[in-house]
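Novice:
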Amino acid sequence: MDDDRQWKFSAVLVAIVARCEPTILLTKRSSGLSEYSSHVSFPGGRPAESDGSIGATALREAFEEIRLEPGAIRVVGCLPIHKTRKRNHAIFPVIGIVPESAEWEASPAEVEAIFEFPFATLLNPALPRQYSEGERTGAWYWADQTQDIWGVTAVILKSLAGLVLDAAR
1 MDDDRQWKFS AVLVAIVARC EPTILLTKRS SGLSEYSSHV SFPGGRPAES
51 DGSIGATALR EAFEEIRLEP GAIRVVGCLP IHKTRKRNHA IFPVIGIVPE
101 SAEWEASPAE VEAIFEFPFA TLLNPALPRQ YSEGERTGAW YWADQTQDIW
151 GVTAVILKSL AGLVLDAAR
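Under the UniProt record's numbering, residue 169 is the last one in the sequence shown; the count climbs by one each step, no gaps.
Have a look at this one:
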């Protein structure tokens, strides 16, 4: 990392569901969690000694949180590391393709709800906004039909959108 902070590493799974109109799996974290409770996020968490790689961490955490079988996910790459300087988290987004036939179910201790964010919404450059007042000034967000998506989750989505839009040019 680029400074002397004690970073807390984690991996998240950016799970793209391969439908005719692709979606991205997102979760609403349980209100009982000590960190980021009730926030919209990707499935993910901190590495375990047995993981062996950051991709394995993302797959294990997705299974623990939403019961998405690791064997159903085809890891296709990673996005740049995202840092949350306020809490010293360094987050590794792992991109995985999930077949339409895959099943998932929320683990109530960690996840209150699972929803699908349309990929088409992600690629619409007019939709992401930036807060203009308050403590979140400058932070990116999407106002989804069911949940507001902001913070590092919105930054990772914006990074994915940029990658896809750049590749399409």
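Quick reminder that beta carbons are idealized off the backbone N, C-alpha and C, glycines included. Owing to the predicted nature of the structure, the values given are computational and were not obtained by experimental measurement.
By Cβ distance, which residues of its chain are closer than 6 angstroms to glycine 77, with the 5 residues on each side in sequence left out?
Specialist: Ile95
Novice: Contact check, leucine 13 vs glutamate 69 under 8 angstroms by CB: the rounded distance?
Specialist: Wrong, their Cβ atoms sit about 12 angstroms apart, outside the cutoff.
Novice: Helix, strand or coil for aspartate 51? Go by DSSP, reduced to three states.
Specialist: coil
Novice: In the DSSP assignment, what are the bridge partners of glycine 96?
Specialist: Ala15 and Val75
Novice: DSSP three-state label for leucine 163, please.
Specialist: helix
Novice: Taking 7 angstroms as the cut-off, decide whether the C-beta atoms of glutamate 65 and valine 111 are in contact.
Specialist: Yes, they are a contact pair.
Novice: Work out the CA separation of serine 41 and methionine 1 for me, nearest whole Å.
Specialist: Residue placement at methionine 1 is poorly supported in this model, since its pLDDT is 48, which falls under 50; the coordinates still yield a value, given next. Distance between the alpha carbons of methionine 1 and serine 41 is about 23 angstroms.
Novice: With DSSP run on the structure shown, which of helix, strand or coil describes arginine 60?
Specialist: helix
Novice: Measure the alpha-carbon distance for alanine 102 versus proline 47 and round it to whole angstroms.
Specialist: 24 angstroms
Novice: Nearest-angstrom Cα distance between glutamate 100 and lysine 28?
Specialist: 21 angstroms
Novice: Can you grab the Cα-Cα spacing for the pair alanine 90 / threonine 84, in whole Å?
Specialist: About 7 angstroms.
Novice: Report buried or exposed for leucine 73, applying the criterion of at least 16 other Cβ atoms within 10 angstroms of its Cβ.
Specialist: Note on identity: in this sequence residue 73 is isoleucine, with leucine being the wrong assignment. Answer is buried; the Cβ neighbour count reaches 16.
Novice: Taking all protein chains shown into account, do 16 or more other C-beta atoms lie within 10 angstroms of the C-beta of proline 108, making it buried, or fewer, making it exposed?
Specialist: Result: exposed.
Novice: Count the other CB atoms within 10 Å of the CB of glycine 44; is the residue buried (16 or more) or exposed (fewer)?
Specialist: buried
Novice: Sort Ala106, Phe63 and Leu160 by Cα distance to leucine 123 and report the nearest one.
Specialist: Leu160
Novice: Mind checking which residues open and close the beta strand (DSSP E) that includes phenylalanine 115?
Specialist: Boundaries of the beta strand (DSSP E) harbouring phenylalanine 115: 111-118, taken from the DSSP string.
Novice: Can you check which of these residues, Ala120, Leu165 and Lys86, is closest to glutamine 6 by C-alpha distance?
Specialist: Lys86
Novice: Where alanine 120 and isoleucine 24 are concerned, what is the direct C-alpha to C-alpha distance, given to the nearest angstrom?
Specialist: 10 angstroms
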